[in-house]
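Those sequence lines, one after another, are chains F and X.
So that you can map any letter, position 487 of the first sequence is 1827 in the numbering used here, and since no number is skipped, the others follow by simple counting.
So that you can map any letter, position 70 of the second sequence is 171 in the numbering used here, and since no number is skipped, the others follow by simple counting.
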Amino acid sequence: MGRIKVLDPETVNLVAAGEVVERPASVVKELVENAFDAGATLVEVVVAGKGPETITVADNGCGIAEEDLLLAFERHATSKISSSADLERIETLGFRGEALPSIAAVSRVTLKTRVPGALGGSLVVVEGGRVVDFRPAGAPQGTTVTVDDLFYNTPARRKFLASWRTESAYLTDAVTRLALARPDVSVRLVHGGREVFRTPGTGLAAAITALYGETVAGALVPVRAEAGGMKVEGFAGRPALVRTTRRWQTLLVNGRYVKHAGLTAAVYEAYGTLLPSGKHPFFVLHLTLDPGAVDVNVHPQKLTVRFDREREVAGLVRGAVKQALFGRLNLIPGTSSSPVPPVRKVFPRPDWGGVLQRLGPSGDVEGTGTGRAAGKETGGGEPVGLDKTGFLVREEAAAYGEGFPPLTYLSFLPPSYLLASGPEGLYLVDQHAAHERVLFEEYGAALARGGVAGQLLVEPVPVESGAADVSALAGELARYGFVVEPFGEGAALLRAVPVGLGLERARLLLDDLLSCLAAGDSPAREEAALASLACHSAVRAGEPPDAREAVALIKRLAACREPFTCPHGRPTVVCFSRAELARRFGRR
Amino acid sequence: MQFIATRNNLLTALNTVLRAVPSRSPLEIATCVLVRAEGNRLKLTGTDLEMMIRCWVPAIEVNREGEAVVPARQLSEIVRRVPEGKIEVEGTGRSITLMYPGGEMKLSGFAPEEFPSFAAEDETGEGFTLGGSLRVALRSVLYAAGKDDLRPIFTGVQFELQNGVLTVAATDAHRLAVFEMATDAAASCSGIVPAKALREVERSLSQTEEQVSVNFSSSQAAFAVSDVELYTRLIEGRFPEWRQAVPQNPPRTLIRGEIGAIISAIERAQVLAYGDTPSVILKASGASLVVLSQSDMGEFRETVAVDCEGEEVEIAFNANYLLDALRATVGDSVEMGLNGNIGPAVIRGPGHPGYLALVLPLRLF
Ligand SMILES: Nc1ncnc2c1ncn2[C@@H]1O[C@H](COP(=O)(O)OP(=O)(O)OP(=O)(O)O)[C@@H](O)[C@H]1O
Ligand SMILES: [Mg+2]
């Protein structure tokens, strides 16, 4: 690292100013970031005492030369940038020269350091901003910073701290995110004499296993995509791993843990219907891009970033996660995440044109293409990569839904489950959820071609339409298979119902649909309408299928783009693996 | 109660009444059969409370009259498994003992007074007799009744007798089947009979050429064929006004062809069917009917030689609905009237007077 210099006042003014140290967790964050910037490969955080009596962060980085040591505690003294121009392309975590002086102002800091190759090191003690000791001292290579009596001179700040239990949770969380940010560094957290975790410094997968355990690590799919000089890499949780809070989400931009609503939203969009409402996915995603294309100098805590091309970044993230989820790996709860070779046959797409293109959902014209890839081109479904900018390669598009295992139907388990054998053991298919998924996609495909086929009725049936304006909605209802005519105030005449639906279920659906469609022009509207259509048409629990129907249903499910969950995000199939069964039977 | 009967007679009677006995019921006694020895005959009764079947069979000897209520399935299972020959049964109300060469079995059940009675037995309504051709009538329409339990009316068959003409009609809202026939009956009646019960009547008729005596009251109907009586509740509600749905004008396109040829073409088209509703498209023009279908697996096109008059038309149907209507048509040839691509197809058979089926098309995009 270069020499520490005091920034010129002009640059100082440009740096987002504010309180750097709010709580013990922010102290640790600043110190660990300094260690990372110093090129350390080992960082150890030790918290001792019941309150945060002593926080020590030790690293094996480049150390600080004796002549620079006092400067490090001066405000706006940094070795990481030297001019306002450098602010445009920040490659280090630190750049303000604020952290050490801010910490030293509210505590007693002891810093011991030795630069590699030097014979001796030095030690400095700063208390409430005043240097109380400074002398040569023996020290291991790198830097060890010990913070005592945090906030001793700011009782107000001290009072605002939450309970130590909460503060230590924040602290653990902060170190966790730091460890995820730099999986190439071995990070160890010791708390009250107990090792909380230690990442091996051998990569993200190993770090996640060390931090969250084997079970979580085993339920992840790798995410990876690169485009336009940007790269996203990391892991996303399979739908079985959904969580009730957002705590399990880590977004890292150029190695910096950040919060970004737009990118988070892109991940949720990628999950789409895999995600039950109110549930949150697990993910750890590293985004790497030109430091010039991202602004980290927005907020003193550096948690907020701005992108020059946010839409493209979001598109990359969405595409990558989607690809990972619906790609080669299968998402069945209970299976291992090892890829299963795809078994689907691809039929060449005959082109007869004209009349045949118009068959109802059962006709499934899209399905005649090369598997789901064709569906994606014509089906109005979202393309894999970046939407309109289209700069993500599309060749992986055909991978949608591959990885659905070959299942052999065994038997029906009332009220609703199809038992099947497959590569990993026993699979249970929820017939209602599976049928819902199948219909959701078939109807969706039909809708994309123009509309869902309607079955005309022997006798037109008067129905109540409530406040909905049937004549205004007739055109749209027709796309869903309903032929409806106005029939006086608050009533309508039903002439056709969506194919495959009994009259009574169709009437219930119509009620749903009228309220969905009345809800205005939201993009979620069509999806809600489709989900409702699929749900009303799907076979009920308790209706046992004959073997032929069961086999056909499994086959149709396997042909879906997103076969693993129903449109509401519940699983369609779960697996009891042979290993699990062996364990249950005490064979292992 | 004490009687001796042949194993075969007992088994026939049990199998007949078992069709009304639910295998599971919250009311346990409903899973039982009521066995009564009377005169020189046995009377077995089973019911699911909607429908009741009673069957009479001769006994070899009845030594003591009486009755017992025992689990129906267990009784029939044991009777089915004993060797052919005589079975002696002794009962004391709540239980019976079955004796056959080399073995015996005691089965306990319920007190006979607790067995659900079916009000229809006592009610007197309009009675009349129909010939065995009732079977033809039932076979012509039963397929069109629906399974939609949310709309019980569609699970019934409209049964109407007026001025000596019997009209039966069934619809599931998507298609309709009607059969009309002249009878000698002077009575008149009308009601909606559960298709489930009529299927049993049809089944009994398939085993005999005999007459059927029918009794209709406001809420129940009874059908008696030789030794079997069936009572059923009627379905309440308004049956669809199907007469208004039958086009009065001549069809815009009239197809005349051989039933078998058309059926097999549609069956072949259906091989490719995919999904819940197998769609087929019919294209009628000149002297040909083209049957088309398509799915994931490929595409199908076949030309069937037919007579075709009137407008050219291209129309889509649920293949199953068409097949049901055509298969129910008796004879070699069929007339199919089409009325544009959203009007009903009207199917009649020159060899099947009195039969009319309406199949409503699919509206495609
Ligand atoms: N662990 C360390 N190893 C080596 N040098 C360090 C270490 N900690 C701090 N320094 C040096 O001290 C300087 C001041 O650190 P400080 O954290 O106050 O500011 P910064 O990291 O430059 O900027 P920021 O305020 O954004 O963190 C750094 O620029 C760096 O040169
Ligand atoms: Mg710093």
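Glycine included, C-beta positions come from ideal geometry on N, C-alpha and C.
Note that the structure is predicted; figures quoted are calculated from it, not measured.
Leaving aside the five residues before and after F:Val-1527 along the sequence, list all residues of the same chain whose C-beta is less than 6 Å from its C-beta, in chain order. Val-1383, Ala-1519 and Thr-1539
Proximity below 8 Å, CB of X:His-275 to CB of F:Leu-1797: yes
Helix, strand or coil: which one does DSSP assign to X:Ser-291? strand
Are there 16 or more other CB atoms within 10 angstroms of the CB of F:Asn-1374, so buried, or fewer, so exposed? buried
Selection from F:Val-1387, F:Thr-1506, F:Val-1638 and F:Glu-1407 that minimises the alpha carbon distance to F:Arg-1534: F:Val-1387
Checking contacts by CB at 8 Å: is F:Ala-1793 closer than that to chain X? yes
Which of the three DSSP states, helix, strand or coil, is assigned to F:Ala-1444? helix
Quick one: any contact between the region 305 to 312 of chain X and the region 335 to 343 of chain X, if contact means 3 or more CB pairs under 8 Å? no
On the DSSP letters alone, give me the boundaries of the beta strand (DSSP E) that F:Cys-1856 sits inside. No beta strand (DSSP E) contains F:Cys-1856, which is instead part of the alpha helix (DSSP H) from 1843 to 1858.
Between X:Asn-419 and chain F, is the shortest Cβ-Cβ distance under 8 Å, so that the two count as touching? yes
Is the beta carbon of F:Leu-1758 closer than 8 Å to that of F:Ala-1890? yes
Measuring from the CB of F:Glu-1414, is there a heavy atom of ligand 2 at a distance below 7 Å? no
Taking C-beta to C-beta, are F:Cys-1915 and F:Tyr-1767 nearer than 8 Å? yes
Pick out every residue whose C-beta is nearer than 5 Å to a heavy atom of ligand 2: which are they, in chain order? F:Asn-1374, F:Gly-1434 and F:Ala-1439
Within 10 angstroms of its Cβ, does X:Gln-349 collect 16 or more other Cβ (buried), or is it exposed? exposed
Which residue wins for smallest C-alpha separation from X:Asn-421, given the options X:Glu-168, X:Ser-365, X:Cys-156 and X:Leu-235? X:Ser-365
Assuming F:Leu-1625 contacts F:Gly-1574 (C-beta within less than 8 Å), just tell me the rounded distance between them. 4 Å
Given 8 Å as the limit, is there contact between the region 1440 to 1460 of chain F and the region 1412 to 1421 of chain F, that is, 3 or more CB pairs closer than that? yes
Grab me the residues of F:His-1775's own chain with a C-beta within less than 7 Å of its C-beta, minus the 5 sequence neighbours each way, in chain order. Ala-1878, Val-1879 and Leu-1893
Short-range partners of chain X found in the region 1832 to 1866 of chain F, where Cβ spacing is below 7 Å: Ala-1836, Val-1839, Gly-1840, Gly-1842, Leu-1843, Glu-1844 and Arg-1845
Mind listing the chain X neighbours of F:Leu-1873? Cutoff is C-beta to C-beta under 9 Å, in chain order. Ordered by position in chain X, no residue passes the 9 Å Cβ test against F:Leu-1873, which lies about 13 Å from the chain.
Residue-level contact to chain F via CB, X:Pro-127, 8 Å cutoff: no
Cut-off 8 Å between Cβ atoms - residues of its own chain near X:Ile-130, not counting five sequence neighbours on either side: Val-170, Gly-210, Phe-211, Glu-215, Phe-216 and Pro-217
Quick check on DSSP: helix, strand or coil for F:Leu-1490? coil
For X:Thr-378, would you say it is in contact with chain F, using Cβ-to-Cβ distances shorter than 8 Å as the test? yes
Which residues in chain F sit within 7 Å of X:Ala-274, going by Cβ to Cβ distance? Leu-1797, Val-1798 and Leu-1843
Determine, using beta carbons only, whether X:Gly-341 comes closer than 8 Å to chain F. In the sequence under discussion, the amino acid at residue 341 of chain X is Pro, which differs from the Gly named in the question. It does: the Cβ of X:Pro-341 has a partner Cβ on chain F nearer than 8 Å.
Which partner residues of X:Asn-419 appear in the DSSP bridge assignment? X:Ser-380
Proximity below 8 Å, CB of F:Gln-1795 to CB of F:Val-1824: no
Pair within 8 Å by beta-carbon distance, X:Gly-257 and X:Ala-283: no
Compare the C-alpha of X:Pro-159 against each of X:Asp-149, X:Met-152 and X:Gly-140 and name the closest. X:Gly-140
Classify X:Arg-181: buried if its beta carbon has 16 or more other beta carbons within 10 angstroms, exposed otherwise. exposed
Would DSSP call F:Val-1934 helix, strand or coil? Given a span of 1341 to 1928 for chain F in the structure shown, any question on residue 1934 of chain F remains unanswerable.
May I ask you to list the residues that DSSP assigns as paired with F:Thr-1912? Beta-bridge pairing links F:Thr-1912 to no other residue.
Keeping to the same chain, check which residues put their C-beta closer than 7 Å to that of F:Pro-1631; ignore five residues upstream and five downstream. Arg-1429, Ile-1430, Glu-1431 and Asn-1594
Check whether the Cβ of F:Ser-1419 lies closer than 7 Å to any heavy atom of ligand 1, and answer yes or no. yes
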